[in-house]
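A.B. asks:
Encoded structure:
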């Protein structure tokens, strides 16, 4: 799954840089032209949600510093918080070693989840009890 | 994209539980029978990697507490660290609000990334300079 472009980056020296448009051109967008995006709260480090970006959504996110996904259900840009006010201000955006995933660190306003919860991962598996427990706590609330 | 099963869970009271096998049966596996998995270091909270599980890999992970993915390139189970020794011991596993993503918190032994880095997200976009910078630092090193 590792493309040659990213394979060649593996040995590039720490702190050196490569043209951003070159990296973006080589990303491993899937058959629908999308990449999975993991979005994490820059303060609490809670993983908030997983969504998708196409190349244009990625470019919009980098230009505006407001996280913009591609909505697969609406087939349209999804500027996070545009209707709810629960915006995500971009703090940093990174690509992974094989160019098939994006990690965004954000300042989250309000709830990231459409259910009103701070994050989306609220169904916790308990393999011993063989149940999934409704658990909305974020790291910051546990600590 | 939200399936009725997960829609019905939205209003279920905090701390109550539902049968785990029922949740697993209703997960929104994609056309290849896979779900994206975000794996995060339970100590540093660094997002380590993104990979995929099918239903069997998910069940193996929950049974063994050793994170087991499905390798799309090898078309086989991928017990993380089986050859490298860089295992992931499961600390917690959660599903998201629409049952299409898994979040694993793990105790990571050694490097999570095949490049020898602690995590995979080492290409950081700098939109101002129009570059991607090689940056392997984890949160724990920045703090």
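Residue numbers (this note's numbering), protein chains in the order written: chain U, 47 to 189; chain C, 47 to 189. The beta carbon of each residue, even a glycine, is placed where N, CA and C say it ideally should be. Values in this document were obtained by computation on a predicted structure and should not be read as measured data.
Checking the sheet assignment: what are the DSSP bridge partners for residue 172 (chain U)?
C.D. replies: Walking along the first chain from the start, residue 172 (chain U) turns up at place 126. Residue 172 (chain U) pairs with U:177.
A.B. asks: Applying a beta-carbon distance threshold of less than 8 Å, which residues of chain C neighbour residue 123 (chain U)?
C.D. replies: Taking the first chain and counting its residues from 1, one reaches residue 123 (chain U) at position 77. Those within 8 Å of residue 123 (chain U) in chain C number zero; the least Cβ separation is about 16 Å.
A.B. asks: Between residue 75 (chain U) and chain C, is there a C-beta pair that is closer than 7 Å?
C.D. replies: As a position in the first chain, residue 75 (chain U) is number 29, starting the count at 1. So no, residue 75 (chain U) is outside the interface.
A.B. asks: Express the C-alpha separation of residue 150 (chain U) and residue 136 (chain U) in angstroms, rounding to a whole number.
C.D. replies: The residue you call residue 136 (chain U) lines up with position 90 of the first chain. The residue you call residue 150 (chain U) lines up with position 104 of the first chain. When rounded, the distance between both Cα atoms is 7 Å.
A.B. asks: Taking the alpha carbon of residue 235 (chain U) as the point to measure from, which residue in U:95, U:52, U:166, U:99 has its own alpha carbon closest?
C.D. replies: Only positions 47 to 189 of chain U appear in the structure, and residue 235 (chain U) is not among them; the question remains open.
A.B. asks: With the cut-off set at 7 Å, would you say residue 97 (chain C) and residue 153 (chain C) are in Cβ contact?
C.D. replies: Walking along the second chain from the start, residue 97 (chain C) turns up at place 51. Walking along the second chain from the start, residue 153 (chain C) turns up at place 107. No, the pair does not count as a contact, with Cβ atoms beyond the cut-off.
A.B. asks: Could you give the first and the last residue of the continuous beta strand (DSSP E) run that contains residue 153 (chain C)?
C.D. replies: Within the second chain, the letter at position 107 stands for residue 153 (chain C). Element bounds for residue 153 (chain C): 148-154.
A.B. asks: What number of angstroms, rounded off, separates the C-alpha of residue 69 (chain C) from the C-alpha of residue 110 (chain C)?
C.D. replies: As a position in the second chain, residue 69 (chain C) is number 23, starting the count at 1. As a position in the second chain, residue 110 (chain C) is number 64, starting the count at 1. Straight-line Cα distance between these residues: approximately 19 Å.
A.B. asks: Residues in its own chain within less than 6 Å of residue 51 (chain U) by CB, not counting five upstream and five downstream?
C.D. replies: On the first chain, residue 51 (chain U) is found 5 positions in, with the first residue counted as 1. For residue 51 (chain U), where only same-chain residues beyond five positions count, the Cβ hits under 6 Å are 72.
A.B. asks: Tell me, please, which residues DSSP counts as bridged to residue 86 (chain U).
C.D. replies: Translated into the one-based positions of the first chain, residue 86 (chain U) becomes position 40. Residue 86 (chain U) is bridged to U:93, U:151.
A.B. asks: Below 7 Å on C-beta distance, what does residue 96 (chain U) contact in chain C?
C.D. replies: In the first chain, the residue the question calls residue 96 (chain U) occupies position 50. In chain order: 82, 84, 142, 147.
A.B. asks: Which residues mark the beginning and the end of the alpha helix (DSSP H) in which residue 68 (chain C) is found?
C.D. replies: Within the second chain, residue 68 (chain C) is the residue found at index 22, counting from 1. Start and end: 66-72.
A.B. asks: Which runs of the alpha helix (DSSP H) spanning at least 4 residues fall entirely within the segment 97-125 of chain C, listed in chain order?
C.D. replies: The segment 97-125 of chain C contains these whole alpha helix (DSSP H) runs: 101-110.
A.B. asks: Output the boundary residues of the beta strand (DSSP E) element that contains residue 52 (chain U).
C.D. replies: Your numbering for residue 52 (chain U) matches position 6 in the first chain. Run containing residue 52 (chain U): none in the beta strand (DSSP E); it sits in the alpha helix (DSSP H), 50-55.
A.B. asks: Whole-angstrom Cβ separation of residue 123 (chain C) and residue 103 (chain C), contact assumed at under 8 Å?
C.D. replies: Working through the second chain from its first residue, we reach residue 123 (chain C) at position 77. Working through the second chain from its first residue, we reach residue 103 (chain C) at position 57. Sure, about 6 Å apart at Cβ, within 8 Å.
A.B. asks: For residue 61 (chain C), return the contacting residues in chain U, with the cut-off set at a CB-CB distance below 8 Å.
C.D. replies: Start at 1 with the first residue of the second chain, and residue 61 (chain C) comes out as number 15. Chain U residues near residue 61 (chain C): 179, 180, 181.
A.B. asks: Against chain C, with Cβ distances strictly below 7 Å, would residue 169 (chain U) count as a contact?
C.D. replies: For this step, residue 169 (chain U) is matched to residue 123 along the first chain. Residue 169 (chain U) counts as touching chain C.
A.B. asks: Suppose you measure from the CA of residue 116 (chain C) to the CA of residue 139 (chain C); what does that come to, to the nearest Å?
C.D. replies: Translated into the one-based positions of the second chain, residue 116 (chain C) becomes position 70. Translated into the one-based positions of the second chain, residue 139 (chain C) becomes position 93. Rounded to the nearest angstrom, the two C-alpha atoms are 16 Å apart.
A.B. asks: Using CA coordinates, which residue listed in U:131, U:129, U:144 is at the minimum distance from residue 119 (chain C)?
C.D. replies: Indexing the second chain from 1 puts residue 119 (chain C) at position 73. Nearest C-alpha to residue 119 (chain C): U:144.
A.B. asks: Can the beta-carbon of residue 94 (chain C) be found closer than 7 Å to that of residue 107 (chain C)?
C.D. replies: Working through the second chain from its first residue, we reach residue 94 (chain C) at position 48. Working through the second chain from its first residue, we reach residue 107 (chain C) at position 61. The answer is no: Cβ separation not under 7 Å.
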